[in-house]
Each structure stands twice: as C-alpha cells, then as structure tokens.
Amino acid sequence: MTKAIFPGTFDPITRGHEALVRRAAAVFDDIIIGVAAGIHKQSFFSLAERLQMAEYSFRDVTNIRALSFNGLLADFMHAQQCKVILRGVRVVSDFEFESQLADINKALDAQLETIFFLPDRDFIYLSSTMVREVAQLGGNIDQFVAPHVAAALQAKYCK
C-alpha cells in the first residue's frame, strides 16, 4: 500500500491544497493531511479548527484523512508508518525552501522521500496568508476556499 503525508499548517486550507490532495489521492492508496501545530509561527486558527476544516474538506473521499501532529515531521511519519512526504511547489522560491526541508527530513530518516506536486494553474498564486489578508480586508474569498472555510474566516473577522 502506498501512503503519503501532506504536511502543513493549513491556516486555512485552500482550494489549492484541496486540488493537490485530490490529485494525489489518484496516485496514492492513502493520503494523510498532517495538520501541524506550527510552533514556528502564530496561527490564526487553532489546531483543532484547522484539523476540523481539513477533515470536512475531504469528507467525500475515502482514502484521504486528516490528523494533527506536534513536533518533528519525521517522527509523525514514523508513527504513521509512512515514507512519502507530499509537498506542493508553486514557484522557484518554494522549491528552494522545500528542498531544504526534504534534505533535513532525509537526514533525520534516510528512508523518507519527498515528492513534489505542482499546483493546478488556477491556484499557482494562492496561499493561506493571501486568503486571510483578503478576508480581513473584506474581499470575496469564495474562489479561494470552500464555503465552510470562508464561513470560518468571516466568523473570526467579525468578532
């Protein structure tokens, strides 16, 4: 069985993330969305909220599930008995950063392999940070996130 983990903070999960994972679900038998606690940056949504949004986004696909994790990705990979890390690469600067992460993960566990997927052209520019900024400024984010994510963003910004 081929299994891959798509790790990230998903703050929030976007249509770009969803499209990439759905494409990967046709390649791998099992996809785990690894929702990271993200200790390196302050998240807008709580870990529980981000996990819930990810779970709901893929409720219709049987071979995709979401799990949260703290700590090193290599440790989470080991706990899930998975050797394949799935990452999206939008632009050259993403590749530079992602290749550094792949090297570190490989140094931590020589059996880990990182596979890069290019995003759909419609989402090549999209990031969670941009989505939050547009939402905060009152812009329409319907084309960038699923309705449940848009509602969560609007609820946070209306407080």
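Start counting the sequence shown at -17; every next residue gets the next number (the numbering used here).
Here a beta-carbon is modelled for each residue, glycine too, at the ideal position from N, C-alpha and C.
None of these values were measured; they are calculated from a predicted model.
Could you check the C-alpha separation between residue i and residue j for me, to the nearest Å?
{"i": "Y139", "j": "F27", "result": "11 Å"}
{"i": "G(-10)", "j": "G121", "result": "25 Å"}
{"i": "E95", "j": "A(-14)", "result": "10 Å"}
{"i": "V127", "j": "D91", "result": "34 Å"}
{"i": "I97", "j": "A134", "result": "31 Å"}
{"i": "S25", "j": "Q136", "result": "16 Å"}
Buried or exposed for residue i, going by 16 or more other Cβ atoms inside 10 Å?
{"i": "E78", "result": "exposed"}
{"i": "H(-1)", "result": "buried"}
Helix, strand or coil: which one does DSSP assign to residue i?
{"i": "L100", "result": "coil"}
{"i": "G(-10)", "result": "strand"}
{"i": "K23", "result": "coil"}
Can you round the beta-carbon distance between residue i and residue j to whole angstroms, since I take them to be within the 8 Å contact cut?
{"i": "F40", "j": "A48", "result": "7 Å"}
{"i": "G16", "j": "F58", "result": "6 Å"}
In this structure, what does DSSP give as the bridge partners for residue i?
{"i": "R69", "result": "F98"}
{"i": "A48", "result": "I15"}
{"i": "K(-15)", "result": "D12"}
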